[in-house]
Amino acid sequence: MLSFLRSDLAQLQAYTPHPGGEVTQPLDHLDTNESPYDLPADLKGELTALFRETIASNRYPDGSHHDLKMAIAHYLDPKGGIAPDRLTVGNGSDELIRSVLIATCLNGAGEILVADPTFSMYGILAQSLGIPVHHCGRDPETFALDLVQAQDLIEQNPAIRVVWLVHPNSPTGNALSEAELHWVRSLDPRILVVIDEAYYEFSRQTVVPELADRPHWLVMRTFSKAFRLAALRVGYGVGDPALIQALEKLRLPYNLPSFSQAGALLALKHAPTLLATVEETIAERDRLYQSLLATCDLRLWPSAANFLYGRLPGETMAQQDRLKTLVNQLKAQGTLIRHTGLGLRITVGSPAENQRTLQRLAHLCPPS
Ligand SMILES: *Cc1c(COP(=O)(O)O)cnc(C)c1O
Numbered sequence: 003m004l005s006f007l008r009s010d011l012a013q014l015q016a017y018t019p020h021p022g023g024e025v026t027q028p029l030d031h032l033d034t035n036e037s038p039y040d041l042p043a044d045l046k047g048e049l050t051a052l053f054r055e056t057i058a059s060n061r062y063p064d065g066s067h068h069d070l071k072m073a074i075a076h077y078l079d080p081k082g083g084i085a086p087d088r089l090t091v092g093n094g095s096d097e098l099i100r101s102v103l104i105a106t107c108l109n110g111a112g113e114i115l116v117a118d119p120t121f122s123m124y125g126i127l128a129q130s131l132g133i134p135v136h137h138c139g140r141d142p143e144t145f146a147l148d149l150v151q152a153q154d155l156i157e158q159n160p161a162i163r164v165v166w167l168v169h170p171n172s173p174t175g176n177a178l179s180e181a182e183l184h185w186v187r188s189l190d191p192r193i194l195v196v197i198d199e200a201y202y203e204f205s206r207q208t209v210v211p212e213l214a215d216r217p218h219w220l221v222m223r224t225f226s227k228a229f230r231l232a233a234l235r236v237g238y239g240v241g242d243p244a245l246i247q248a249l250e251k252l253r254l255p256y257n258l259p260s261f262s263q264a265g266a267l268l269a270l271k272h273a274p275t276l277l278a279t280v281e282e283t284i285a286e287r288d289r290l291y292q293s294l295l296a297t298c299d300l301r302l303w304p305s306a307a308n309f310l311y312g313r314l315p316g317e318t319m320a321q322q323d324r325l326k327t328l329v330n331q332l333k334a335q336g337t338l339i340r341h342t343g344l345g346l347r348i349t350v351g352s353p354a355e356n357q358r359t360l361q362r363l364a365h366l367c368p369p370s
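Here the working numbering is used: the sequence shown runs in plain steps of one and ends on residue 370.
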C-alpha cells in the first residue's frame, strides 16, 4: 500500500457491476436492471443531430442545468407544482448519493442507516468517505423493514443522520408498505430520509406529492432504467429548496456533460414513446415469475420493479455456494444475472431474453 493513501481504503471494496470480470461476447445482460432496449433509431438520429448542430464541444456545459430542471419539473408535475429550485441533477444518482453523504455526515458529523439487503452504493460510498454505516434487517417473508430494530438503532445511535430506503427496494422488489411509510413519517425531522425511486416508472408508486410537507425527505430518480439512458449518467433529486441548495453547493460545477443534458431532455420530450416499453416489461415480469415458479426450484417474490428476486429454499452456506455455481453456469450459457443479498436478482429483459432465462434456469435448477 502506498504510504500516502488512507489506511482504511485497504478495507474498501469497490462496486463491481459484473463480478468475475467484464464480458465482451454478446450475452443477455440481465444483471444491472437496465432496459433491454436502446433508444429508437429516430431518437438516436435526433440526438446525433443535436450533438452535431447545437452542442459546441469547446464550450463548458450549462452548469445550472436550467432547461433540464424545467423539463424534469414538468415531468414530475405537469400542473407546475414542483419549482426547479426543488431539483438537483447529478452524474447518475450515484453522484447524488455522494453529495448527500458529504452534506450530512462527513468529518464525523453523522452516520447512516441502511436496511439489508438493499442497493449497495449507499454503504460503499459512505465507507469511501469514512462514514459509519448501521444495518437493520428485513422480514424474511416480505422484506419489509424490521421496524423495531430500525427504531432501536436510531434511538441507540443519535449520530444517525440519514436513513436510506429504496421504493421499490433492490434487490428484493418490494415497494414500501403503508406500515413502513407510517414509520418513515414518524421519524424525527432531524433525520434525513432518502427515498430512492429508481424504479418509479415500473412501480408507479411515489412519495413526491408528500414532499411539500416533509422538508427532511429527499426523493431520488434516474434516467438509467425505464428511460433507457444508463450510458448518459443522469439522475436527479427532489426535495426542500434549502436541502437542494446544499447539494448543489457540493457537486462539481460541470458535473453533467452537454450531451447527457441533451439526451435527458430528448428522453423527456419523447417520454410516452420511451416509456411505452414499460407495459411490456411488466407483462414479461409477471409471465417470467409464473413460469419460473412452475419450472424451477427457486423461491420467488412478487416485484414492483423490472427485476425478480429469488432464493433457494433455506439459507445455508451450501446454498450460497450452489447459487454462485448457478450464476456461473448461467453465464457460461450466455445469461448474466446477479448473486446478491443471499439470492438472485434477475433483470426482466426482452421476450427472447426472458425465454432463454426461463429455459436455462429450468434446466440448471429443476424442481426438487
Ligand atoms: C439502478 C439504480 C440507481 C441508478 O443509479 P444511476 O447512478 O442513476 O445510474 C439508483 N438507485 C438504485 C436503487 C438503483 O437500483
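Just so you know, even glycine gets a beta-carbon here, dropped at the ideal spot from N, CA and C. Remember, predicted model here, so these are calculated numbers, not experimental data.
Please go through the same chain and pick out, in chain order, the residues whose beta-carbon is closer than 7 Å to the beta-carbon of residue i, but skip the five residues on each side of it.
| i | result |
| --- | --- |
| residue 62 | 256 |
| residue 286 | 350, 353, 356 |
| residue 362 | 332, 335, 337 |
| residue 177 | 169, 170, 205, 207, 306 |
| residue 366 | 328, 331, 332 |
| residue 276 | 229, 230, 269 |
| residue 37 | 227, 228, 230, 279 |
| residue 159 | 113, 136 |
| residue 147 | 117, 138, 140, 182 |
| residue 67 | 91, 258, 263 |
| residue 341 | 325, 326, 329 |
From the options, pick the residue whose C-alpha is nearest to that of residue i; which is it?
| i | options | result |
| --- | --- | --- |
| residue 189 | 154, 225, 286 | 154 |
| residue 46 | 267, 6, 106 | 267 |
| residue 358 | 337, 120, 203 | 337 |
| residue 260 | 9, 53, 177, 4 | 53 |
| residue 198 | 167, 212, 147 | 167 |
| residue 56 | 184, 11, 44, 264 | 264 |
| residue 182 | 247, 140, 164, 113 | 140 |
| residue 172 | 8, 347, 209 | 347 |
| residue 15 | 163, 71, 123 | 123 |
| residue 316 | 242, 143, 152, 202 | 143 |
| residue 99 | 10, 194, 39 | 194 |
| residue 245 | 43, 28, 133, 214 | 214 |
| residue 201 | 120, 73, 175 | 175 |
| residue 258 | 4, 71, 3 | 71 |
| residue 179 | 145, 212, 157, 156 | 145 |
| residue 86 | 247, 294, 284, 345 | 247 |
Looking at the C-beta of residue i, does it have a partner C-beta in chain D at a distance below 7 Å?
| i | result |
| --- | --- |
| residue 343 | No chain D appears in this structure, which consists of one protein chain only. |
Would you mind stating whether residue i and residue j have Cβ atoms separated by less than 7 Å?
| i | j | result |
| --- | --- | --- |
| residue 1 | residue 65 | Absent from the model: residue 1. The displayed extent of the chain is 3 to 370, so no value can be given. |
| residue 328 | residue 90 | no |
| residue 205 | residue 306 | yes |
| residue 269 | residue 309 | no |
| residue 291 | residue 126 | no |
| residue 301 | residue 289 | no |
| residue 131 | residue 108 | yes |
| residue 88 | residue 186 | no |
| residue 138 | residue 117 | yes |
| residue 224 | residue 370 | no |
| residue 165 | residue 115 | yes |
| residue 196 | residue 210 | no |
| residue 110 | residue 163 | no |
| residue 242 | residue 274 | no |
| residue 21 | residue 343 | no |
Which same chain residues, not among the five before or five after residue i, have their C-beta less than 8 Å away from its C-beta?
| i | result |
| --- | --- |
| residue 82 | 75, 76 |
| residue 30 | 336, 337, 338, 351, 355, 358, 359 |
| residue 252 | 101, 104, 105 |
| residue 368 | 297, 298, 299 |
| residue 203 | 227, 228, 229, 277, 280 |
| residue 271 | 73 |
| residue 39 | 230, 279, 352 |
| residue 48 | 268 |
Residues in the same chain with beta-carbon distance under 6 Å from residue i, minus the five sequence neighbours each way, listed in chain order, please.
| i | result |
| --- | --- |
| residue 34 | 19 |
| residue 234 | 262, 265 |
| residue 128 | 103, 114, 135 |
| residue 364 | 297, 298 |
| residue 191 | 218 |
If you reduce the DSSP assignment to three classes, tell me which class residue i lands in.
| i | result |
| --- | --- |
| residue 57 | coil |
| residue 3 | coil |
| residue 311 | strand |
| residue 265 | helix |
| residue 202 | helix |
| residue 140 | strand |
| residue 233 | helix |
| residue 186 | helix |
| residue 296 | helix |
| residue 345 | strand |
| residue 133 | coil |
| residue 238 | strand |
| residue 113 | strand |
Hey, is residue i close to ligand 3, as in C-beta under 6 Å from one of its heavy atoms?
| i | result |
| --- | --- |
| residue 333 | You won't find ligand 3 in this model; what it holds is ligand 1. |
Please write down, chain order preserved, every residue whose beta carbon lies under 5 Å from a heavy atom of ligand 1. 94, 95, 96, 121, 168, 172, 198, 200, 224, 226, 237
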